[in-house]
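Chemist:
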Amino acid sequence: MNAPSSRGVVWLGSPAFPDAAREALKDTRLRANLKRATSTIRDKRLAVASELDDWEALRDAAAAIKKCTARHLDHYLVELEASVTAAGGTVHWACDAAEANRIVTELVRATGESEVVKIKSMATQEIGLNEHLAEAGITAYETDLAELIVQLGDDRPSHILVPAIHRNRTEVRDLFAAEMGHWGQPAPEGLTDEPADLAEAARRHLREKFLTAKVAVSGANFAVADTGTVVVVESEGNGRMCLTLPDTLITVMGIEKVVPTWSDLEVFLQLLPRSSTGERMNPYTSTWTGTTEGDGPSAFHLVLLDNGRTDTLADTVGRQVLGCIRCSACLNVCPVFERTGGHAYGSVYPGPIGAVLTPQLIGVENAATLPFASTLCGACYDACPVKINIPEVLAHLRAEAVEAKNGHTAEALAMRAAGKVLDSPRLLAAAQKAASLGGRALARRGTIGRLPGPMHGWSDTRDTPAPPAESFRTWWRKNRENKEGEQS
Amino acid sequence: MSSRDAVLGRIRTALADVPSGEAPEDVPVPRAYLRSHLEPGQDPVALFAERVADYRATVTRTDRARLAAAVAAALTRRGARRLALPAGFPSELLPSGSWEWHPEPLNVPALNALDGTVTLAAAGIAVTGTIVLDAGPGQGRRALSLVPDYHLCIVRAEQIAPDVPDALARLDPTRPLTFISGPSATSDIELDRVEGVHGPRTLDVIIVGPTRLEHP
Ligand code: SF4
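Protein chains in written order, with full-length UniProt numbering: chain A, 1 to 488; chain B, 1 to 216.
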């Protein structure tokens, strides 16, 4: 049915992680920016998490809710579908990126509009929705400030929470001055590089879009099965604009975002803002249930996206990754992410979560170096609000990747790929093409570049000797406590 | 086969290890966390005021008798003259003076031309410093507290829940809810927090309560 080649997730032409990391490590300015940024968020997160002396109990509850949901995902999705439908929404199911893109495109076309406003959403990045809409003649305007920076710069996001973390204020100023005029309201004359002025320029640039937009596309942080309520958590108010002002709202969410009950949100709305931006609560959280007469969109569509999630669910070790609430805490504590930045992962999901999610969504044979993009120090596990044991999943995926790479299992690997593709003639053709490239590339060439990268690559790139996993963890903690603020 | 059936079928295949007799309720969810992070004896209203102010919103406490005067003082301080008036807003709370009140229904361009909005609230959350609107009487539809650049929100002391769990239990999820914790903000440029991007850049909160008044 759905196979990796129709799933998106990774960027076309990205080098394998070791090569990308080697390049990124040469960029000392990027490293300095990242170190400053990640340590700022880390400190804020620790401060607000330690305010809650039942933090561990909240994590336990969150992990258990997510586990329960995963084990009964079919039940909760059917319940969600019924609640959303009863509340006036329409539910669509998409096996893969291509199908989700097709559904959204058709929904936009049916409105007769050629522009949509968008709220930052990992799911729509994953499926490459903007590019797909552009091919269909529909312009998607990103409205989150960081996404706007990425879009105007024809760039890629490098962090889940702050996608433009790799850009400094001067670059943003230059970009706004040069590009805003091509998309709508130009930047004011004499724009400075003060963040407040840049935010003001974004406000003015996007206001006319919000006031005239008829269609909005969003993701979802949570969707509640028993009530049909969808939740979007944000800071700037662009989300509220998109969720409230247009006539039609199209929400694309991964099937793992469902939670059983309204009261389960009491756990996640405490954990997510504190883990993500390090605030007690983010500025705005919107919840809506279907449509409301006289308030907000009159048409609401919810697109439920599989795109590799059921493959992830089938792996009893890897399944826990579906509990991720995309808070980005694991990125901010990761010694590897802090050094390489997000682009090196070659995926819309960077950092530790990316290293365990990307290979599962598209098949480990298609992202074989990513499970090695880690020191197994365990900081991500400690930080994760839903207690995903990322080191455990990494070790598990490493074993799979090695198996995928070993000569004696090439046949098994081919069979595995075949199993994925044989039920689609189009994908069978793709597999035959890939096979013709020889043992070097099992999957489609060009999608993640060289396949798979050398397995020793990461250790070659690392600029400190690799201590054993357990002692590294201790070493890292000590190192962080003692040398915070020092340039690495 | 529909995509719905395909996805559900794939889920069921993926979950082959889950015993067929296991019901969702059989998966234990430990709920050892606290219902509230308020210290024993701590005043939720005082904490709410402190936490809202942490977001750089301005907080005023007053009583019912002085509420209209407090509204007038806030509007004067902000220079907000042309104001959206939500349906069901109690007219006795409107201060007398030279304010222009624009009642609902208001379309988006009309809202965009106004200086601000005065609304009631559905709930408050002390520990997180959050106000919640549910589009009920006196709150207006969601666009009202979003499009104009200034939001003055009136919360009654008894509407303030100690923490997130009790607040969610008080709210009706079938209504469109907006949780507001301070003015709109971004940290997207070098993680430098800037108040005010698309939502109201100024948020004033007035707490009306019979409870202790530090500064009458
Ligand atoms: S894996 Fe955990 S820490 Fe990382 S983004 Fe997901 S929820 Fe957050």
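C-beta atoms are modelled at their ideal positions from N, C-alpha and C, and glycine is treated no differently.
#1: So what does L85 (chain B) bridge to, in DSSP terms?
#2: Of all the alpha helix (DSSP H) runs that stay within the bounds of the region 90-166 of chain B, which reach a length of 4 or more residues?
#3: So who's on the other strand from A299 (chain A), going by DSSP bridges?
#4: Reducing DSSP to helix, strand and coil, say where R201 (chain B) ends up.
#5: Report buried or exposed for R203 (chain A), applying the criterion of at least 16 other Cβ atoms within 10 angstroms of its Cβ.
#6: Return yes when the Cβ of G124 (chain B) is within less than 7 Å of the Cβ of V155 (chain B), no when it is not.
#7: Give a yes or no on whether 7 Å exceeds the smallest Cβ distance from D17 (chain B) to chain A.
#8: Given this structure, state the Cα-to-Cα distance separating P148 (chain B) from M122 (chain A), to the nearest angstrom.
#9: So with CB distances below 9 Å, who are the chain B contacts of E99 (chain A)?
#10: Please list the terminal residues of the continuous alpha helix (DSSP H) segment that includes H132 (chain A).
#11: In this structure, does DSSP put A216 (chain A) in helix, strand or coil?
#12: Check whether the Cβ of A64 (chain A) lies closer than 7 Å to any Cβ atom in chain B.
#13: If we count the other Cβ atoms within 10 Å of its Cβ and call it buried at 16 or more, is T316 (chain A) buried or exposed?
#14: Give the DSSP-derived three-state secondary structure of S3 (chain B) in the structure shown.
#15: Residues of chain B with a CB under 9 Å from the CB of G342 (chain A): which are they?
#16: Applying the 10 Å Cβ sphere with the 16-neighbour rule, what's the burial state of M1 (chain B)?
#17: Say whether the region 1-18 of chain B touches the region 127-138 of chain B, bearing in mind that this needs 3 or more beta-carbon pairs closer than 8 Å, one atom from each stretch.
#18: Considering only the alpha carbon of each residue, which of A:L46, A:R102, A:G290 and A:G341 lies closest to I127 (chain A)?
#19: If you count every other CB in all the chains shown that lies within 10 Å of the CB of P176 (chain B), and 16 or more means buried, which is it?
#20: Decide if the region 256-263 of chain A is in contact with the region 195-210 of chain A; the criterion is three or more beta carbon pairs, one per stretch, under 8 Å apart.
#21: Applying the 10 Å Cβ sphere with the 16-neighbour rule, what's the burial state of W101 (chain B)?
#22: If you draw a straight line from the alpha carbon of A72 (chain B) to that of G88 (chain A), how long is it in whole angstroms?
#23: Should K387 (chain A) go down as buried or exposed, given a rule of 16 or more other Cβ atoms within 10 Å for buried?
#24: Return the CA-CA distance between D5 (chain B) and P273 (chain A), expressed in angstroms with no decimal places.
#25: Can the beta-carbon of Q180 (chain A) be found less than 7 Å from the beta-carbon of P186 (chain A)?
#26: At a CB distance below 9 Å, what residues from the region 241-266 of chain A approach chain B? Give them in sequence order.
#27: With 7 Å as the threshold, decide whether the Cβ of R280 (chain A) is near any Cβ in chain B.
#28: Expressed to the nearest angstrom, what Euclidean distance is found between the alpha-carbon atoms of R326 (chain A) and N112 (chain B)?
#29: Quick one: list the residues of chain B neighbouring C334 (chain A), beta-carbon separation under 8 Å, in chain order.
#30: Return the CA-CA distance between G219 (chain A) and L171 (chain B), expressed in angstroms with no decimal places.
#31: Counting C-beta neighbours from all protein chains within 10 Å, is the total for G199 (chain B) 16 or more, i.e. buried, or is it exposed?
#32: Would you identify the three-state DSSP class for I65 (chain A), choosing helix, strand or coil?
#33: Verify the contact flag: A373 (chain A), CB atom, against every heavy atom of the ligand SF4, threshold strictly below 6 Å.
Modeler: Looking at the coordinates:
#1: DSSP lists B:P103 as partners of L85 (chain B).
#2: As far as the region 90-166 of chain B is concerned, its whole alpha helix (DSSP H) runs of at least 4 residues are 108-112.
#3: For A299 (chain A), which the question treats as bridged, DSSP gives the partners A:T248.
#4: If DSSP states are grouped into helix, strand and coil, R201 (chain B) belongs with coil.
#5: Of the other Cβ atoms in all chains shown, 16 or more fall within 10 Å of the Cβ of R203 (chain A); this residue is therefore buried.
#6: Yes, the pair counts as a contact, with Cβ atoms nearer than the cut-off.
#7: Proximity of D17 (chain B) to chain A, defined by a Cβ-Cβ separation below 7 Å, is satisfied.
#8: Straight-line Cα distance between these residues: approximately 29 Å.
#9: Simply S3.
#10: Residues L129 to E135.
#11: Assigned with DSSP and collapsed to three states, A216 (chain A) falls in strand.
#12: Taking 7 Å as the threshold, the shortest C-beta distance from A64 (chain A) to chain B falls below it.
#13: Burial call: exposed.
#14: If DSSP states are grouped into helix, strand and coil, S3 (chain B) belongs with the helices.
#15: Within 9 Å Cβ-Cβ: nothing; G342 (chain A) doesn't reach chain B, min ~14 Å.
#16: M1 (chain B) is exposed by the Cβ-count criterion.
#17: They do not touch, by the three-pair rule.
#18: The residue with the shortest Cα to Cα distance from I127 (chain A) is A:R102.
#19: A residue is called buried when at least 16 other Cβ atoms come within 10 angstroms of its Cβ; P176 (chain B) meets this threshold and is buried.
#20: At 8 Å Cβ cutoff, the stretches do not touch.
#21: Under a 10 Å Cβ-count criterion, W101 (chain B) is classified as exposed, with fewer than 16 other Cβ atoms of the shown protein chains found around its own Cβ.
#22: Taking the CA atoms as reference points, A72 (chain B) sits about 41 Å from G88 (chain A).
#23: Buried, by the Cβ-count rule.
#24: In this structure, the straight-line span from the alpha carbon of D5 (chain B) to that of P273 (chain A) is close to 35 Å.
#25: The residue you asked about is not Gln; residue 180 (chain A) is Met in the sequence shown. In this structure, M180 (chain A) places its C-beta atom within 7 Å of the C-beta atom of P186 (chain A).
#26: Of all residues in the region 241-266 of chain A, only M241, L243, T244, L245, I255, P260, W262, S263, D264, L265 and E266 place a beta-carbon less than 9 Å from a beta-carbon of chain B.
#27: Closer than 7 Å: yes.
#28: Their Cα atoms are separated by approximately 33 Å.
#29: What C334 (chain A) touches in chain B: nothing, since even the nearest Cβ is about 17 Å away.
#30: G219 (chain A) and L171 (chain B): Cα-Cα distance of roughly 23 Å.
#31: The residue is buried, with at least 16 neighbouring Cβ atoms inside 10 Å.
#32: The answer is helix: DSSP assigns I65 (chain A) an H, G or I state.
#33: Not under cutoff, so the answer is no.
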